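Trainee: What follows is a single structure, and I will ask about it in a moment.
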Amino acid sequence: SLLWQAVSARSLRCLCRCPPARLMSQQQQQQDQDHEQHKHSQQQQQQEEDAKRRKKLAVLSCALTTSVFAGFYVWKESRLRQLEAQVTQGRVGSESSFGSSSVGRGGGQSDSALAVGGDFRLLDQRGRYVTRAELSGNSGWLLLYFGFCHCPDICPEQMEKMAEVVERLRLDKDPLRITPVFVSIDPERDTPALVKEYIADFSDKFIGLTGTKAEVDEVAKKYRVYYSKGPVDQDGDYIVDHAIIMYLVSPDGSVVDYYGQTKTPREIAGCIAKVVKSHRAA
Numbered sequence: 043s044l045l046w047q048a049v050s051a052r053s054l055r056c057l058c059r060c061p062p063a064r065l066m067s068q069q070q071q072q073q074d075q076d077h078e079q080h081k082h083s084q085q086q087q088q089q090e091e092d093a094k095r096r097k098k099l100a101v102l103s104c105a106l107t108t109s110v111f112a113g114f115y116v117w118k119e120s121r122l123r124q125l126e127a128q129v130t131q132g133r134v135g136s137e138s139s140f141g142s143s144s145v146g147r148g149g150g151q152s153d154s155a156l157a158v159g160g161d162f163r164l165l166d167q168r169g170r171y172v173t174r175a176e177l178s179g180n181s182g183w184l185l186l187y188f189g190f191c192h193c194p195d196i197c198p199e200q201m202e203k204m205a206e207v208v209e210r211l212r213l214d215k216d217p218l219r220i221t222p223v224f225v226s227i228d229p230e231r232d233t234p235a236l237v238k239e240y241i242a243d244f245s246d247k248f249i250g251l252t253g254t255k256a257e258v259d260e261v262a263k264k265y266r267v268y269y270s271k272g273p274v275d276q277d278g279d280y281i282v283d284h285a286i287i288m289y290l291v292s293p294d295g296s297v298v299d300y301y302g303q304t305k306t307p308r309e310i311a312g313c314i315a316k317v318v319k320s321h322r323a324a
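Count along the sequence shown from 1, add 42, and you get the number used in the numbering used here.
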């Protein structure tokens with residue numbers, strides 16, 4: 043009996059020292075939860091730090107990209123302004139002939155024709171050679187613009203402007219028929235078929251012209267249209283920098299006025315109306 047009591051007491055003490063399995067399981071679960079929370083907190087902190095770094099890099103990249111494009115835009119605009127300014131070097135007669143404050147950029151031409159322009163022979167959008175005289179035979183007056191079909195922004199803007207000018211003059215109380223003419227300065231890519239597709243996006247009244255490089259160079263020289271082919275990228279694409287000018291050509295083939303990029307369709311239409319009326323009265 044004494045032996046059994048001793049064994050029972052020893053067993054009871056052992057049981058008291060050993061925690062229940064359920065209690066051990068709860069402690070382990072709590073430790074695991076604490077570990078997971080700590081791990082999640084570290085991951086969340088790391089993600090926040092990564093997001094901050096990415097945001098800083100994005101801001102720096104955006105600033106750098108903006109700076110590069112701004113610099114390129116300023117250079118491009120400066121270059122185009124230089125090309126446009128060179129056109130004014132070809133004036134004749136009095137100071138009011140070409141590029142003066144009263145006449146230049148659409149002020150009207152009353153005394154003499156500009157020392158720019160002349161006859162030409164180029165392929166139209168149907169693939170047939172036409173001359174300046176044949177084009178003038180349609181309505182008498184031509185509005186010429188030199189550009190290229192792959193132009194991303196400026197040429198489409200000017201083409202839309204020309205289409206609006208022609209429509210304004212057609213709907214005026216004293217209607218005028220002016221034929222808008224697009225002359226490509228990118229003969230390497232602008233085929234008659236491509237020119238036809240291009241001008242169709244703006245107006246069915248457009249006539250599109252292209253030709254060989256020699257033919258286009260000759261016309262560009264006569265009209266003092268300065269242009270320069272840019273570097274070719276890995277896809278074979280390139281931009282052509284060029285003077286942004288519309289020429290008003292009279293029925294006899296004389297360039298009597300020109301309009302720069304800053305002129306609105308309304309202003310150009312008003313200037314053309316004045317020029318045409320002055321020629322009718324002469």
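Note that beta-carbon positions come from the ideal geometry of N, C-alpha and C, so glycine has one too.
Just so you know, these numbers come straight off a predicted model, no measurement behind them.
#1: Have a look at Gln79 and Lys94 and give me their C-alpha separation to the nearest angstrom.
#2: Locate the alpha helix (DSSP H) running through Ser320, then write down its first and last residues.
#3: The beta strand (DSSP E) that contains Lys271, what's its start and end?
#4: Whole-angstrom Cβ separation of Thr347 and Leu164, contact assumed at under 8 Å?
#5: If I measure Cβ to Cβ from Phe190 and keep anything under 7 Å in the same chain, skipping five residues before and after, which residues do I get?
#6: Would you list the residues sitting across from Gly250 in a DSSP beta bridge?
#7: Check the DSSP bridge columns for Asp299 and list the partner residues they point to.
#8: Select from Ser292, Glu199, Leu186 and His284 the residue whose C-alpha is nearest the C-alpha of Thr304.
#9: Closest by CA to Leu186, which one among Ala256, Asp216, Arg266 and Arg210?
#10: Starting from Arg210, trace the alpha helix (DSSP H) in both directions and tell me its first and last residue.
#11: Starting from Tyr240, trace the alpha helix (DSSP H) both ways and give me its first and last residue.
#12: Give the DSSP-derived three-state secondary structure of His192 in the structure shown.
#13: What residue range is occupied by the uninterrupted beta strand (DSSP E) comprising Arg166?
#14: Taking 7 Å as the threshold (C-beta atoms), are Asp299 and Val318 in contact?
#15: Let me check understanding here. Comparing Cα to Cα, which of Pro307, Gln84 and Arg174 lies closest to Val223?
#16: So, is His77 buried or exposed, given that buried needs 16 or more other C-beta atoms within 10 angstroms?
#17: Start and end of the alpha helix (DSSP H) containing Asp336?
#18: By a C-beta neighbour count over all protein chains shown, 10 Å radius and 16 as the cutoff for buried, is Gly250 buried or exposed?
#19: Just to confirm my understanding: we take Ile36, look at its own chain, exclude 5 residues before and 5 after, and list those with CB closer than 8 Å. What are they?
#20: Name the residue from Asp259, Cys313 and Lys238 whose alpha carbon lies nearest to the alpha carbon of Arg170.
#21: From the DSSP output, in three-state form, read off Leu177 for me.
Mentor: Answer, in terms of the structure:
#1: Near 22 Å, if we compare the C-alpha coordinates of Lys94 and Gln79.
#2: Element bounds for Ser320: Pro307 to Ala323.
#3: Judged by DSSP secondary structure, Lys271 falls within the beta strand (DSSP E) whose first and last residues are Tyr269 to Lys271.
#4: Because the chain spans 43 through 324 in this model, residue 347 falls outside it and cannot be assessed.
#5: Contacts found: Cys197, Ser226, Ile227, Asp228, Asp232 and Val282.
#6: In the DSSP assignment, Gly250 is bridged to Phe224.
#7: Partner(s): Leu290.
#8: Closest in C-alpha terms to Thr304, from the list Ser292, Glu199, Leu186 and His284, comes Glu199.
#9: Residue Arg266 is the option with its Cα nearest to Leu186.
#10: Unbroken alpha helix (DSSP H) run through Arg210: Ile196 to Arg212.
#11: Per DSSP, Tyr240 belongs to the alpha helix (DSSP H) from Pro234 to Ile241.
#12: Three-state DSSP puts His192 in coil, outside helix and strand.
#13: Checking the displayed sequence, the identity of residue 166 turns out to be Asp instead of Arg. For Asp166, the enclosing beta strand (DSSP E) stretches over residues Arg163 to Asp166.
#14: Against a cut-off of 7 Å, the Cβ pair of Asp299 and Val318 comes out as no contact.
#15: Comparing Cα positions, the closest option is Arg174.
#16: By the 10 Å Cβ count, His77 comes out exposed.
#17: Since the first residue shown for the chain is 43 and the last is 324, residue 336 is missing from the structure and cannot be characterised.
#18: Classification for Gly250: buried.
#19: As shown, the chain starts at 43 and ends at 324. That puts residue 36 outside it, with no answer to give.
#20: Looking only at Asp259, Cys313 and Lys238, the smallest Cα-Cα distance to Arg170 is reached by Lys238.
#21: In the three-state scheme derived from DSSP, where H, G and I count as helix and E and B as strand, Leu177 is classed as helix.
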